[in-house]
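Residue numbers (numbering that gives the first Met the number 0): 0 to 127.
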Amino acid sequence: MVGTSLKLSRRVDAAKRVGRMHSKYAFDISDLCATCVPSTLAGCELVVQFARSSKVAQCKIDVPLEGLPRGGLVNWGTQQLSFVATLYQSKRGKVFSDKEYKVSICSSRPAAFGTTKRSLREALARSE
Numbered sequence: 000m001v002g003t004s005l006k007l008s009r010r011v012d013a014a015k016r017v018g019r020m021h022s023k024y025a026f027d028i029s030d031l032c033a034t035c036v037p038s039t040l041a042g043c044e045l046v047v048q049f050a051r052s053s054k055v056a057q058c059k060i061d062v063p064l065e066g067l068p069r070g071g072l073v074n075w076g077t078q079q080l081s082f083v084a085t086l087y088q089s090k091r092g093k094v095f096s097d098k099e100y101k102v103s104i105c106s107s108r109p110a111a112f113g114t115t116k117r118s119l120r121e122a123l124a125r126s127e
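In structure tokens, the structure reads:
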């Protein structure tokens, strides 16, 4: 049932875009850092995710066991998030219509002893 409603929703969205010009763009996000990260996340792997619908770009970093630096600053260094998006001409006078993305910082821990699987748990998130 959920799959059927998702397909119908996509068809409705596609019908709204008929006749509108569109372009594909590649985006790269670099110089990633976060401040005020809770000290409870010390010693685990942090994953930053940038998501829209089922499309997710992510990169990870290990946080030292001895704790986070002053101010809870975590820096992903030279890692980048890259994704491709199709932007459609706006009907409201802007160049392109808005797209909503969700940025999350997740903690990653071993799912079980003796396995390489990891479990992700959202620690911080924001939708724009």
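Every residue gets a Cβ at the ideal spot worked out from N, C-alpha and C, and that includes glycine.
- Task: Return yes when the Cβ of Asp27 is within less than 8 Å of the Cβ of Ser81, no when it is not.
- Result: Taking the sequence shown and counting its residues from 1, one reaches residue 81 at position 82. Taking the sequence shown and counting its residues from 1, one reaches residue 27 at position 28. In this structure, Asp27 lies closer than 8 Å to Ser81 by Cβ.
- Message: Between the alpha carbons of Gly42 and Ser106, how many angstroms are there, rounded?
- Response: Within the sequence shown, residue 42 is the residue found at index 43, counting from 1. Within the sequence shown, residue 106 is the residue found at index 107, counting from 1. Each residue's Cα considered, the two are about 10 Å apart.
- Message: Do Gly71 and Thr34 have their beta-carbon atoms positioned less than 8 Å apart in this structure?
- Response: Taking the first residue of the sequence shown as 1, we reach residue 34 at position 35. Taking the first residue of the sequence shown as 1, we reach residue 71 at position 72. Against a cut-off of 8 Å, the Cβ pair of Gly71 and Thr34 comes out as a contact.
- Relative to the alpha-carbon of Ile60, which residue among Glu99, Arg69, Val73 and Leu86 has its alpha-carbon at the smallest distance? Counting from 1 along the sequence shown, the entry for residue 60 is found at position 61. Nearest option by C-alpha distance: Val73.
- Which of the three DSSP states, helix, strand or coil, is assigned to Leu45? Locating residue 45 in the sequence shown gives position 46, counting from the first residue. Here Leu45 sits in strand by DSSP.
- Count the other CB atoms, across all protein chains shown, that sit within 10 Å of the CB of Tyr64; report buried if there are 16 or more and exposed otherwise. Taking the first residue of the sequence shown as position 1, residue 64 is located at position 65. Per the sequence presented here, residue 64 reads as Leu, with Tyr not at that position. It is exposed - the Cβ of Leu64 has fewer than 16 other Cβ atoms within 10 Å.
- Check whether the Cβ atoms of Leu119 and Val46 sit closer than 8 Å, and answer yes or no. Here residue 119 refers to the residue found at position 120 of the sequence shown. Here residue 46 refers to the residue found at position 47 of the sequence shown. Contact: yes.
- Burial state of Val94, where buried means 16 or more other Cβ atoms lie within 10 Å: Position 95 of the sequence shown, counted from the first residue, corresponds to residue 94. Exposed.
- Task: Give a yes or no on whether the C-beta atoms belonging to Glu99 and Arg51 are separated by under 8 Å.
- Result: Residue numbering aside, residue 99 sits at position 100 when the sequence shown is read from its first letter. Residue numbering aside, residue 51 sits at position 52 when the sequence shown is read from its first letter. Cβ distance < 8 Å, so Glu99 and Arg51 count as in contact.
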